[in-house]
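> Numbering (this note's numbering), first residue to last: 87 to 436. Each residue gets a CB set at the ideal place from its N, CA and C atoms; glycine is no exception. Below you will find the structure I want to go over with you.
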Amino acid sequence: MGAEPLPGRVVALQANYCLVALDGPSELGIGGRLLCTRRTRLDKSGLQVCVGDRVSVASVDWRARRGAVVGLEPRHNLLQRPAVANVSRVVVVVALVEPGLDPLQLTRFLITAEATGQPVQVVLSKADLLPTAAVEAWCRRLEDWGYPTVAVSTRTGVGLAALRSHLEQPGIAVLCGPSGVGKSSLLNALAPALELRVAAVSGRLRRGRHTTRHVELFALAPEALVADSPGFNTPALPCDPQTLAAAFPELLARLRADPCRFANCRHQGDPGCAVGDNWDRYVIYGRCLEELEALARARARGGHGRQGDSGMRQRGDRLEPLLDPQLRRSSRSTRRQALEEDLSSPDRED
Ligand SMILES: Nc1nc2c(ncn2[C@@H]2O[C@H](COP(=O)(O)OP(=O)(O)OP(=O)(O)O)[C@@H](O)[C@H]2O)c(=O)[nH]1
Ligand SMILES: [Mg+2]
Ligand SMILES: [Zn+2]
87 MGAEPLPGRV
97 VALQANYCLV
107 ALDGPSELGI
117 GGRLLCTRRT
127 RLDKSGLQVC
137 VGDRVSVASV
147 DWRARRGAVV
157 GLEPRHNLLQ
167 RPAVANVSRV
177 VVVVALVEPG
187 LDPLQLTRFL
197 ITAEATGQPV
207 QVVLSKADLL
217 PTAAVEAWCR
227 RLEDWGYPTV
237 AVSTRTGVGL
247 AALRSHLEQP
257 GIAVLCGPSG
267 VGKSSLLNAL
277 APALELRVAA
287 VSGRLRRGRH
297 TTRHVELFAL
307 APEALVADSP
317 GFNTPALPCD
327 PQTLAAAFPE
337 LLARLRADPC
347 RFANCRHQGD
357 PGCAVGDNWD
367 RYVIYGRCLE
377 ELEALARARA
387 RGGHGRQGDS
397 GMRQRGDRLE
407 PLLDPQLRRS
417 SRSTRRQALE
427 EDLSSPDRED
């Protein structure tokens with residue numbers, strides 16, 4: 087008591103408490119963890135403490151391993167969902183099968199990841215369940231989108247060494263993706279001592295069962311922290327078209343090489359569009375854009391993106407889909423409809 091506040095990092099949130107790993111050696115050894123309350127002064131600043139935040143801790147009771155967060159350092163960046171501050175890398179994990187890979191859903195995860203401004207890596211999991219040629223085709227496809235991609239399997243061990251060397255770089259890496267793709271299994275394979283809970287997928291769509299419930303940071307190497315996170319199905323979209331376009335590296339590359347005639351070009355067959363339609367995610371981009379625009383129209387009418395207006399609601403500066411089990415389409419004849427097939431995985435638990 088009365089001593090200098092101790093620096094540390096929030097590694098998990100638990101109800102109204104946060105778990106803080108202290109930086110230096112302390113009475114608890116190196117990296118000792120304290121369960122901390124948050125003082126009202128902090129809360130009044132309007133800032134919520136978040137996993138990944140750098141904080142200072144005072145009023146430490148070493149025996150009870152308790153303390154209070156009394157200071158919060160400014161954040162370098164924030165991943166919106168799962169909420170993690172000060173990330174150095176975002177690793178989007180999707181399964182090749184079980185559950186099947188949905189390019190639109192993957193894109194939505196990538197859009198959230200891009201908003202951090204940090205490097206984004208794709209991990210394609212369960213490579214043991216697909217022939218090598220098909221796995222390689224997916225890797226090439228994702229690299230064409232602009233993402234370094236590694237196919238992994240906890241069953242055969244393929245890709246794990248590459249993933250480990252990526253995750254063991256200094257800083258915070260976040261594993262995010264749908265439920266059941268094997269995020270916790272991957273961390274168990276890399277660090278068996280973690281003993282994270284995993285559970286088999288279920289149902290016709292072989293979906294996950296939301297086994298991981300909280301974001302938590304673990305140390306994989308002295309300076310390398312990795313966050314496991316609860317899977318979810320439909321990440322939010324940004325609210326404006328510029329931010330959306332900026333989240334498609336292959337679109338940005340084309341725009342840099344050859345700008346469109348109009349600054350507000352939608353890149354959907356507009357006059358003078360330099361981007362064209364011969365790129366893989368053209369339809370996916372258009373679909374995301376339509377969602378943004380539907381919400382903007384609903385807002386202009388004075389609504390707040392009620393269900394039925396756009397199928398979206400606004401949360402902060404993001405768009406989130408409303409639950410809509412009617413998103414299914416039956417016909418498979420066109421490219422667009424094929425995409426909507428990909429889409430036909432309505433969220434039940436988001
Ligand atoms: N065939 C195969 N199955 C895997 C692989 N990795 C994980 N699984 C299985 O996939 C299921 C889901 O794994 P989890 O690690 O719980 O998935 P998760 O992404 O952490 O899921 P949430 O915590 O719900 O977000 C488990 O039955 C795992 O055994 C793999 O490489 N190949
Ligand atoms: Mg998990
Ligand atoms: Zn254009």
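Tell me whether the beta-carbon of Ala107 lies closer than 7 Å to the beta-carbon of Gly117.
Counting from 1 along the sequence shown, the entry for residue 107 is found at position 21. Counting from 1 along the sequence shown, the entry for residue 117 is found at position 31. Yes, the Cβ-Cβ distance between Ala107 and Gly117 is below 7 Å.
> From the DSSP output, in three-state form, read off Tyr233 for me.
Counting from 1 along the sequence shown, the entry for residue 233 is found at position 147. Note: Tyr233 maps to coil in three-state DSSP.
> Please list the terminal residues of the continuous beta strand (DSSP E) segment that includes Gly257.
The residue given as residue 257 occupies position 171 in the sequence shown. Note, Gly257: beta strand (DSSP E), 257-262.
> Does the stretch 249-260 come within contact of the stretch 214-232, defined as at least 3 CB pairs closer than 8 Å?
no
> Look at Ile455 and Val155 and say whether their C-beta atoms are less than 7 Å apart.
No answer is possible for residue 455: it lies beyond the span of the chain, which begins at 87 and ends at 436.
> Measure the C-alpha to C-alpha separation of Tyr103 and Thr123 and round it to an integer number of angstroms.
What you label residue 103 is simply residue 17 of the sequence shown in a count that begins at 1. What you label residue 123 is simply residue 37 of the sequence shown in a count that begins at 1. Distance between the alpha carbons of Tyr103 and Thr123 is about 5 Å.
> Tell me Ala144's beta-bridge partners as DSSP assigns them.
As a first step, residue 144 is located in the sequence shown; it is residue number 58 there, counting from the start. BP columns for Ala144 point to Ala154.
> For Pro111, which of helix, strand or coil comes out of DSSP?
Residue numbering aside, residue 111 sits at position 25 when the sequence shown is read from its first letter. Pro111: strand per DSSP, three-state reduction.
> Which of helix, strand or coil does DSSP assign to Glu302?
Taking the first residue of the sequence shown as 1, we reach residue 302 at position 216. Correct three-state label for Glu302: strand.
> If you check the beta carbons only, do Leu282 and Ser270 fall under 7 Å apart?
As a first step, residue 282 is located in the sequence shown; it is residue number 196 there, counting from the start. As a first step, residue 270 is located in the sequence shown; it is residue number 184 there, counting from the start. Yes, these two residues count as a Cβ contact at 7 Å.
> Among Val177, His353, Arg292, Ser315, whose alpha-carbon lies nearest the alpha-carbon of Pro185?
Taking the sequence shown and counting its residues from 1, one reaches residue 185 at position 99. The residue with the shortest Cα to Cα distance from Pro185 is Arg292.
> What does the alpha-carbon distance come out to for the pair Val206 and Leu276?
Walking along the sequence shown from the start, residue 206 turns up at place 120. Walking along the sequence shown from the start, residue 276 turns up at place 190. If you take the alpha carbons of Val206 and Leu276, they lie about 20 Å apart.
> Val312 and Phe304: beta carbons closer than 7 Å?
By one-based count along the sequence shown, residue 312 stands at place 226. By one-based count along the sequence shown, residue 304 stands at place 218. A contact, by the Cβ cut-off of 7 Å.
> Is the closest heavy atom of ligand 1 to the C-beta of Gly317 under 6 Å?
By 1-based counting over the sequence shown, the position of residue 317 is 231. For ligand 1, at least one heavy atom lies less than 6 Å from the Cβ of Gly317.
> Strictly under 7 Å for the Cβ-Cβ distance: is Arg340 near chain D by that measure?
Going by chain labels, chain D is absent from the structure shown, which holds only one protein chain.
> Examine ligand 1 and report whether any of its heavy atoms sits within less than 6 Å of the Cβ of Asp78.
The requested residue 78 is not part of the displayed model; the chain covers only 87 to 436.
> Quick one: does the C-beta of Ser270 sit closer than 6 Å to a heavy atom of ligand 2?
Locating residue 270 in the sequence shown gives position 184, counting from the first residue. At least one heavy atom of ligand 2 is nearer than 6 Å to the Cβ of Ser270, so yes.
> Do the CB positions of Val178 and Gly138 come within less than 7 Å of each other?
Working through the sequence shown from its first residue, we reach residue 178 at position 92. Working through the sequence shown from its first residue, we reach residue 138 at position 52. Contact: no.
> For a quick check, are the C-beta atoms of Leu105 and Arg152 less than 7 Å apart?
Counted from its first residue, the sequence shown places residue 105 at position 19. Counted from its first residue, the sequence shown places residue 152 at position 66. Their beta carbons are not under 7 Å apart, which means Leu105 does not touch Arg152 by this criterion.
> If you draw a straight line from the C-alpha of Leu246 to the C-alpha of Phe348, how long is it?
By one-based count along the sequence shown, residue 246 stands at place 160. By one-based count along the sequence shown, residue 348 stands at place 262. Cα to Cα, Leu246 sits roughly 45 Å from Phe348.
> When the Cα atoms are used, what is the spatial distance from Lys212 to Trp224?
Within the sequence shown, the letter at position 126 stands for residue 212. Within the sequence shown, the letter at position 138 stands for residue 224. Distance from the CA of Lys212 to the CA of Trp224, rounded to the nearest whole angstrom, comes to 13 Å.
> Rounded to whole angstroms, what's the CA-CA distance from Ala285 to Arg295? Just pull it up for me.
Position 199 of the sequence shown, counting from 1, holds the residue named residue 285. Position 209 of the sequence shown, counting from 1, holds the residue named residue 295. Computed Cα separation, rounded: 7 Å.
> Specify the secondary structure class of Ser271 as computed by DSSP and reduced to three states.
Counted from its first residue, the sequence shown places residue 271 at position 185. Ser271: helix per DSSP, three-state reduction.
> Excluding the 5 residues preceding and the 5 following Gly263 in the sequence, name in chain order all residues of the same chain whose CB lies nearer than 7 Å to its CB.
Locating residue 263 in the sequence shown gives position 177, counting from the first residue. Only residues of its own chain outside the window of five on either side were considered, and among them Val178, Val179, Val180, Phe195, Lys269, Gly317 have a CB closer than 7 Å to the CB of Gly263, listed in chain order.
> Going by DSSP, what residue range makes up the alpha helix (DSSP H) through Leu338?
Locating residue 338 in the sequence shown gives position 252, where the first residue counts as 1. Taken as a continuous stretch (DSSP letters only), the alpha helix (DSSP H) holding Leu338 covers 335-343.
> By Cβ distance, which residues of its chain are closer than 6 Å to Thr242, with the 5 residues on each side in sequence left out?
Locating residue 242 in the sequence shown gives position 156, where the first residue counts as 1. For Thr242, where only same-chain residues beyond five positions count, the Cβ hits under 6 Å are Asp214.
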